[in-house]
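*Asks:*
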Amino acid sequence: MTGANVAGHGCGSSLERGSVRPERPRRYARILWGMSSAIPLNVGITRSAGAATADPEGKRVLLAEPRGYCAGVDRAVETVEKALEKHGAPIYVRKEIVHNRHVVETLRDRGVIFVDTTDEVPEGELVVFSAHGVSPAVHATAAERNLRTIDATCPLVTKVHQEAKRFARDDYDILLIGHEGHEEVEGTAGEAPDHVQLVDGPDSVEKVTVRDEAKVIWLSQTTLSVDETMETVSRLREKFPALQDPPSDDICYATQNRQVAVKAMAPECDLVIVVGSRNSSNSVRLVEVALGAGARASYLVDYAREVDPAWLEGVRTVGITSGASVPEILVRGVLDMLAEHGFGEVQPVTTANETLVFALPRELRAARH
Ligand code: 0CG
Ligand code: SF4
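Mapped onto my numbering, the consecutive letters of the sequence shown carry residue numbers 959 to 1327.
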């Protein structure tokens, strides 16, 4: 950290040494939902911004915690790094391994070839499937072409796939709430194309029809806005009163935790900067959540250089957070840029501690140390 003074926050990244994964002690947890709200909270907000900071002009940064990498992204990025180490470049990755420009560009520089379809992968080569998951049809095509595959699908996405399969087997109509065209919903819907219909937000409910109103369940993409999804569900339930809920939350712990943290700080913020890429659903949601929770302005940036100094005019409190696919080094860049503009005082706003770590895909497990 060059300029910013981050109270009580020690973050690390080894990107400088060519990795896009954070350095941290590895803790193996089975399913430790890192989202317990019983955790001691450090909501570093006092009502009077001026009194809360050493800065004479009352300028301060509120830094959301949790932010950045989730367990599924960490696993997916490490999967690609270990596959590169083990097999050597080039290796192929179907779609962006995670939706972050910096991660993708860094891995591309290290010899990863990103492709849109498995047809682009030469016969017999190694292809990694992205964290967002793939449909069974993609597995089948890869097998037909004798590709070697490593599946980096997040286990929490796989869980939704299992739900789709199970309810399709029981012949339910499955209403999958999610964003049209997003890779995750394409993968999930592909598990049971005859049973799944996509519901892209509250306004799409109107056109939903089902075969049997007594056998309807909703599932969802993992990276949606919790509030908007609840709105969609309530409209669906008005239409189909017997609508069943998923067996457990499909919106994942990381998506939920990042939204809770941004909601906690947004009412205090004149500006919330979300670090993340445009195609990252969970990152884009954080901008919406910040605005919905009272931030006066909010912007999504990939890099510090995209922060327009004009945004800072007349601003005293800036909130910072980042999406689940964002390396911490990029947040540091924004903090340093802000410090240069007089926002050197940084207060963490902590609403949960996350401890979840997923094992690597079987093919690479021995490679983790
Ligand atoms: O938020 P989405 O699903 O678009 O994905 P991203 O890669 O940004 O982060 C989580 C994952 C995988
Ligand atoms: Fe998994 Fe959630 Fe991360 Fe997606 S955002 S990779 S579902 S933990």
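The beta carbon of each residue, even a glycine, is placed where N, CA and C say it ideally should be.
Where DSSP assigns a beta bridge to D1131, which residues make up the other side?
*Replies:* DSSP, once it has assigned bridges, lists V1174 as partnering D1131.
*Asks:* When you compare the CB positions of A1126 and A1150, do they come within less than 7 angstroms of one another, or not?
*Replies:* Closer than 7 angstroms, so yes.
*Asks:* Report the partner residues of F1072 according to the DSSP bridge assignment.
*Replies:* DSSP output for F1072 lists V1051 as bridge partner(s).
*Asks:* Flag G1030 as yes when its Cβ comes closer than 6 angstroms to any non-hydrogen atom of the ligand SF4, and as no otherwise.
*Replies:* Yes, the ligand SF4 has a heavy atom inside 6 angstroms of this Cβ.
*Asks:* Assign Q1120 to one of two classes, buried (16 or more other C-beta atoms within 10 Å of its C-beta) or exposed (fewer than that).
*Replies:* Exposed: under 16 other Cβ atoms inside 10 Å.
*Asks:* Once DSSP output is grouped into helix, strand and coil, what is the label at Y1211?
*Replies:* Reduced to three states, the DSSP call for Y1211 is helix.
*Asks:* For D1109, which beta-bridge partners are listed by DSSP?
*Replies:* DSSP lists F1087 as partners of D1109.
*Asks:* Any contact between the segment 1034–1046 and the segment 1233–1248? By contact I mean 3 or more CB pairs, one from each, below 8 angstroms.
*Replies:* No, the segment 1034–1046 is not in contact with the segment 1233–1248.
*Asks:* Assuming contact is defined by CB atoms lying nearer than 7 angstroms, are S1238 and H1057 in contact in what I supplied?
*Replies:* Taking 7 angstroms as the Cβ cut-off, S1238 and H1057 qualify as a contacting pair.
*Asks:* Let's test the definition: count the other Cβ atoms within 10 Å of the Cβ of K1165 and tell me whether it reaches 16, buried, or not, exposed.
*Replies:* Looking at its Cβ environment, which holds fewer than 16 other Cβ atoms inside 10 Å, K1165 is exposed.
*Asks:* Alpha carbon to alpha carbon, how far is D1129 from A1098? Give it in angstroms, no decimals.
*Replies:* Approximately 23 angstroms, taken between the alpha carbons.
*Asks:* Report the three-state DSSP secondary structure of A1041 (helix, strand or coil).
*Replies:* Correct three-state label for A1041: helix.
*Asks:* Can N1331 be considered in contact with the ligand 0CG, in the sense that its beta carbon sits closer than 6 angstroms to one or more heavy atoms?
*Replies:* No information on residue 1331 is available, as it lies outside the stretch 959 to 1327 that the chain covers here.
*Asks:* Would DSSP call A1022 helix, strand or coil?
*Replies:* Strand, per DSSP.
*Asks:* Starting from T902, trace the beta strand (DSSP E) both ways and give me its first and last residue.
*Replies:* Examination of residue 902 is not possible in this model, given that the chain is present from 959 through 1327 alone.
*Asks:* Taking its Cβ as the centre, do 16 or more other Cβ atoms sit within 10 Å of D1161, making it buried, or is it exposed?
*Replies:* Under this definition D1161 is an exposed residue.
*Asks:* Of the residues P1306, S1283 and A1253, which one's Cα is nearest the Cα of A1029?
*Replies:* The residue with the shortest Cα to Cα distance from A1029 is S1283.
*Asks:* First and last residue of the alpha helix (DSSP H) that includes E1303?
*Replies:* Run containing E1303: none in the alpha helix (DSSP H); it sits in the beta strand (DSSP E), E1303 to T1308.
*Asks:* Quick one: is the Cβ of V1115 within less than 6 angstroms of any heavy atom of the ligand SF4?
*Replies:* V1115 Cβ: within cutoff of the ligand SF4.
*Asks:* Tell me whether G1145 is buried or exposed, calling it buried when 16 or more other Cβ atoms sit within 10 Å of its Cβ.
*Replies:* Burial call: buried.
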